[in-house]
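**Student:**
In full-length UniProt numbering, the protein residues as written are 1 to 297.
1. DSSP three-state label for residue 27, please.
2. DSSP state of residue 234, grouped into three classes?
3. Beta carbon of residue 59: closer than 7 Å to some heavy atom of the ligand GDP?
4. Only counting the same chain, and skipping five residues up and downstream in sequence, which positions put a Cβ closer than 6 Å to that of residue 64?
5. Buried or exposed: residue 172, going by 16 or more other Cβ atoms within 10 Å of its Cβ?
6. Using DSSP with H/G/I as helix, E/B as strand and the rest coil, what is residue 250?
7. Hey, residue 289 and residue 189 are a contact pair by Cβ (cut 8 Å); roughly how many whole angstroms apart?
8. Since I believe residue 125 is in contact with residue 164 (beta carbons under 8 Å), could you give me their beta-carbon distance rounded to a whole number of angstroms?
9. Pick from 211, 103, 131, 100: whose alpha carbon is nearest that of residue 258?
10. Straight-line CA distance for residue 4 to residue 16?
11. Can you give me the C-alpha to C-alpha distance between residue 147 and residue 285, rounded to a whole angstrom?
12. Within this structure, are the beta carbons of residue 104 and residue 160 separated by less than 8 Å?
13. Among residues of its own chain, excluding the 5 on either side of residue 67, which ones have a beta-carbon nearer than 8 Å to its beta-carbon?
14. Quick check: the Cα distance between residue 283 and residue 223, rounded to an integer number of angstroms?
15. Compute the Euclidean distance between the alpha carbons of residue 199 and residue 13, then round it to the nearest angstrom.
16. Short of 7 Å in beta carbon distance, which residues of its chain neighbour residue 91, apart from the five on each side in sequence? Order them along the chain.
17. Return the CA-CA distance between residue 245 and residue 11, expressed in angstroms with no decimal places.
18. DSSP state of residue 184, grouped into three classes?
19. Taking only the alpha-carbon atoms, compute the straight-line gap between residue 184 and residue 217 and give it to the nearest angstrom.
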C-alpha cells in the first residue's frame with residue numbers, strides 16, 4: 001500500500017483532500033453542504049481546496065461555517081479569476097496585480113480569516129480553460145511580486161501555481177512554491193516533466209480534472225478498457241482506479257476530488273485503501289496519454 005501522507009506547505013497532510021467546487025450544487029441546501037464538509041473532516045480530510053469564485057462565494061462561506069480551528073484543516077484557495085454572476089462563464093479573468101490583491105482580500109473576507117494558508121496563482125497558460133486577452137496578459141514576474149508582497153505582509157502563508165507551464169514553474173521557483181495545480185490524469189499526462197520537477201523540489205502536485213472528461217474532448221480515464229478491467233478485478237469502481245493510480249504514480253501527488261454526495265465522498269476517501277500491484281500498474285501505465293488542451297472559453 002502506498003504512503004497516505006505527504007508534506008505540503010510545511011505540514012503533513014492526508015493525501016486525499018476535498019475540492020469544494022461541487023458545494024455550489026448545494027446552494028439551496030446549505031445545511032447539507034456544511035454536513036458534507038463535516039463528514040469529510042470526520043473521514044480524515046485535512047486539506048480543502050477552494051476559491052471565492054466557487055459558487056460565487058458559497059464554497060468559502062460553507063468552509064467558514066463548517067470548519068473549526070481544532071480540525072487543523074489546511075485551506076488552499078486561488079486567485080487569478082473572480083466570480084462572474086450572469087456571465088457566459090461563471091468566472092472572469094483577474095490577472096493584473098491589483099486584481100490579485102483584491103482577490104486575496106475577498107478570500108480573506110469570505111473565509112473569515114486574517115491569513116490564507118496557501119494561495120494558488122491561477123495562470124492562464126495551459127490546460128483547458130480561459131486564455132489571457134488584452135490587459136489580462138500579465139508577466140509572471142509582476143504577479144509573483146504582488147503575491148510575495150502579500151506573503152511578506154502575513155496575508156498569505158504559502159504560494160502555489162495553477163495552469164502553469166514548465167518554464168513558468170522554473171521561473172517561479174526562487175519565490176518559493178508549495179504546490180502546482182494543473183489538469184492531469186492517467187489518460188492525459190502532458191505535464192510528466194513538471195511532476196518530476198515538483199517531486200525533486202519537494203513541491204506538492206495537486207491535479208485537477210484527475211479523471212479527465214470534465215469537458216467535451218478531454219480524455220476520460222473511466223473510458224479506458226484497462227481501467228475497467230482493473231476495477232473489475234479489484235472489486236472497485238473505474239473512478240477509484242483512476243484516483244488510486246495517481247496516488248501510486250508519485251509520492252507528492254495530493255488528490256482533491258470534489259462531490260456534493262456523501263456516498264461519493266466515502267468512495268473517494270476509500271481510494272487510499274486500494275493497492276495496485278506491479279502488473280496492474282504496468283498495464284495502466286501503458287495507457288496512451290492524450291493532450292488535454294481543450295479551450296472552454
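Cβ atoms here follow ideal geometry from the backbone N, Cα and C, with glycine treated the same way.
**Tutor:** Looking at the atomic coordinates:
1. Note: residue 27 maps to coil in three-state DSSP.
2. Looking at residue 234 - three-state DSSP - the assignment turns out to be helix.
3. Ligands displayed in this structure: none; no statement on the ligand GDP is therefore possible.
4. Short of 6 Å from the beta carbon of residue 64, and not among the five residues preceding or following it, lie these beta carbons of its own chain, in chain order: 111, 112.
5. With 16 or more other Cβ atoms inside 10 Å of its own Cβ, residue 172 counts as buried.
6. Here residue 250 sits in coil by DSSP.
7. Between residue 289 and residue 189 the beta-carbon gap is near 4 Å, inside 8 Å, which marks them as a contact.
8. With 8 Å as the limit, residue 164 and residue 125 qualify as a contact, their Cβ atoms being about 6 Å apart.
9. Comparing Cα-Cα distances from residue 258 to each of 211, 103, 131, 100, the minimum goes to 211.
10. So the alpha carbons of these two residues sit roughly 8 Å apart.
11. C-alpha of residue 147 to C-alpha of residue 285: approximately 37 Å in a straight line.
12. Cβ distance not < 8 Å, so residue 104 and residue 160 don't count as in contact.
13. The answer, listed in chain order, is 37, 41, 48, 73, 75.
14. So the alpha carbons of these two residues sit roughly 15 Å apart.
15. The C-alpha of residue 199 lies about 16 Å from the C-alpha of residue 13.
16. So the list reads 53, 81, 82, 83, 84, once near-sequence residues are dropped.
17. For residue 245 and residue 11, the gap between their C-alpha atoms comes out near 24 Å.
18. Coil, per DSSP.
19. Rounded to the nearest whole angstrom, the CA to CA distance from residue 184 to residue 217 is 14 Å.
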